[in-house]
Amino acid sequence: MRTIFVIAAVMLMGCANVAAQQPQAACAGPEYRQMDFWVGVWDARWDASPGTPAGNGTNTITRTLDGCVIQEDFDGGPATGNLIGRSMSMYHAPLQRWRQTWVDNQGGYFALTGGPVGQGFVLENTRLSESAPYLRMVYEDITANAFTWRWQRSADQGATWTDSWVIHYTRRQE
99 MRTIFVIAAV
109 MLMGCANVAA
119 QQPQAACAGP
129 EYRQMDFWVG
139 VWDARWDASP
149 GTPAGNGTNT
159 ITRTLDGCVI
169 QEDFDGGPAT
179 GNLIGRSMSM
189 YHAPLQRWRQ
199 TWVDNQGGYF
209 ALTGGPVGQG
219 FVLENTRLSE
229 SAPYLRMVYE
239 DITANAFTWR
249 WQRSADQGAT
259 WTDSWVIHYT
269 RRQE
């Protein structure tokens, strides 16, 4: 009986030791949660001019690949020529920055890099040539159930920015 007790104790200590040695899960640090505000199902609305509605769509944002990647599925509806887009975003630890790749059904492709700025979040395009435009997306006025997203362009190498598209997001209440 004593032998069984000793064997059981040794096995339990071995299991506890193995559990203690498990590496921290990938993508577990707080920096990997910086875009969690975005995760959810969103109703998107944009105006032709302030107060003049131009269109609406939906955006579904989920975590995938063991929580390491944020996947975006955007449907702009008829007002955008039925733009359907998808992005994959993740925190890239070696750069200590977020990276996003966007592709869509109209031939669009953007590679963006960025992270938190003040109370918002900014991702700027990776310019593949000197003639490529300066573009960025800005997430601002972030609350639990709403935020504003701006697609901006700069004609002066990032000194000033002009809105090309502003979308007001409201979290869909399920």
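Going by the working numbering, the letters in the sequence shown line up with residues 99 to 272, in that order. No residue lacks a Cβ here, since even glycine has one placed at the ideal position from N, Cα and C.
So residue i and residue j are supposed to be a Cβ contact under 8 Å. How far apart are they, rounded?
i: A142; j: G155; result: 5 Å
i: M188; j: R197; result: 6 Å
i: H266; j: T241; result: About 12 Å; that fails the 8 Å criterion.
i: Q250; j: L233; result: 7 Å
i: G153; j: G175; result: 6 Å
i: W140; j: R269; result: 6 Å
Starting from the C-beta of residue i, find all residues in its chain whose C-beta is less than 6 Å away, skip the five residues before and the five after it, and write them out in chain order.
i: A253; result: none
i: D261; result: R248 and Q250
i: E238; result: G218 and T246
Grouping DSSP H, G and I as helix and E and B as strand, with all else coil, what is residue i?
i: E129; result: helix
i: A177; result: helix
i: W136; result: helix
i: N154; result: strand
i: D171; result: strand
i: A142; result: strand
i: P231; result: coil
i: N223; result: strand
i: D254; result: coil
i: L210; result: strand
i: W249; result: strand
i: E238; result: strand
i: Q217; result: coil
Within its chain, find whatever has a CB closer than 8 Å to the CB of residue i; leave out the 5 residues flanking it on each side and keep chain order.
i: R184; result: Q169, E170, D171, F172, W200, V201 and D202
Which residues in the same chain have their Cβ closer than 7 Å to the Cβ of residue i, if we skip the five residues on either side of it in sequence?
i: V137; result: I159, T160, R161 and I168
Answer with yes or no whether the minimum CB distance from residue i to chain B is below 9 Å.
i: V137; result: Of the chains in the structure shown, none is chain B; there is only one protein chain.
Is the CB-CB distance between residue i and residue j below 9 Å?
i: D164; j: A123; result: yes
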